[in-house]
Every structure is written in C-alpha cells, then in structure tokens.
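Mapping of the sequence shown onto the numbering used here: position 12 corresponds to residue 5, and the numbering continues sequentially without gaps.
Beta carbons: idealized from backbone N, C-alpha and C, even for Gly.
None of these values were measured; they are calculated from a predicted model.
One structure is given below, encoded as structure tokens.
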Amino acid sequence: MQQIDLTKTLEELENDYWDEPNFASSLVIQVHQLRKKPLCELNNEDLRLLIGQQMNLDYLLRIALEKLIQNPFGSGDLYIGDLFCSVLKVEKEYWNEHQELKNELNEVIRIYEEVRRTLDEQINKYRSNL
C-alpha cells in the first residue's frame, strides 16, 4: 500500500483546491476547513466528520483504522465509539474493493470484541460479588 505524506492536506494530496463554500452550513464550513488541515493534525472528531461525509476514504480510513486498532472506543465529539461507527457505515462496496483496509477493519472488530468479552467477564464477576 502506498505511503501517505501526513504533512499534506487533502487539498494537496488530491490537487483539488476548493473555493470558499457557497452554502454556509456549519458542516460545509467545517469540511472546507478540514480539507486545508494537514492529515497528521486531524483528530478523531475531524476523521469522524470527514469519513461520515465519505471524503477521500483512501487516505482517511487508513488513519482512522490505525487509531481504532489502538483504541476501538476512540471518540469524536458525539459519543464513545463514534469514530468506529462512522467507519462501519462506509459502503460495503468500498470494503470489497479495498481488501487490505477491510482486513484492518476486521482487526479492529476483533480487538473490540475481545475487549468487550473481557469487560463483560469482569462486570459479571463484580456483580456476582455484591
């Protein structure tokens, strides 16, 4: 898989520089701003928002999946796990065409399920001792 220069912005990587938004919703304004932000500076909320808008998934999913492998509960501003949920909402066709990324998603799912089982066991032990 090709290495991504994380110091570049989506605009630079796509060589597609957008003019100022002609529709002034907060979402449109945020997306325009985030396209000008270096990839290495994107946080979970930025990724959640851009992936939710299906913005350049080839770049953004790689970054999001790296973060989710470290912590499947990583979150943006909505709720715990919202970044994971945003990634899971990507169309099935995309995953079928990008097997390496699909494998990474499956690893995130495996890690999440392992953590969930461990937590469930510990919660059950805790409750049985009350």
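Nearest-angstrom Cα separation, counted from residue j out to residue i
| i | j | result |
| --- | --- | --- |
| serine 18 | arginine 28 | 16 angstroms |
| glutamine 115 | asparagine 96 | 29 angstroms |
| asparagine 117 | threonine 2 | 46 angstroms |
| leucine 76 | glutamate 59 | 12 angstroms |
| aspartate 9 | histidine 25 | 12 angstroms |
| glutamate 4 | arginine 103 | 34 angstroms |
Per-residue burial, residue i [other beta carbons within 10 Å of its own, 16 or more giving buried]
| i | result |
| --- | --- |
| arginine 109 | exposed |
| valine 80 | buried |
Sub-9 angstroms separation of residue i and residue j beta-carbons
| i | j | result |
| --- | --- | --- |
| leucine 54 | leucine 112 | no |
| leucine 32 | leucine -1 | yes |
| valine 101 | glutamine 47 | no |
| leucine 6 | leucine 20 | no |
| isoleucine 56 | isoleucine -3 | yes |
DSSP-derived helix/strand/coil call for residue i
| i | result |
| --- | --- |
| arginine 28 | coil |
| phenylalanine 16 | coil |
| phenylalanine 66 | coil |
| tyrosine 164 | Outside the shown range of the chain (-6 to 123) lies residue 164, about which nothing can therefore be said. |
| leucine 81 | helix |
| leucine 6 | helix |
Open item on the list: Counting beta carbon pairs with one atom in the segment 37 to 55 and one in the segment 63 to 75, are three or more of them shorter than 8 angstroms?
Closed with: yes
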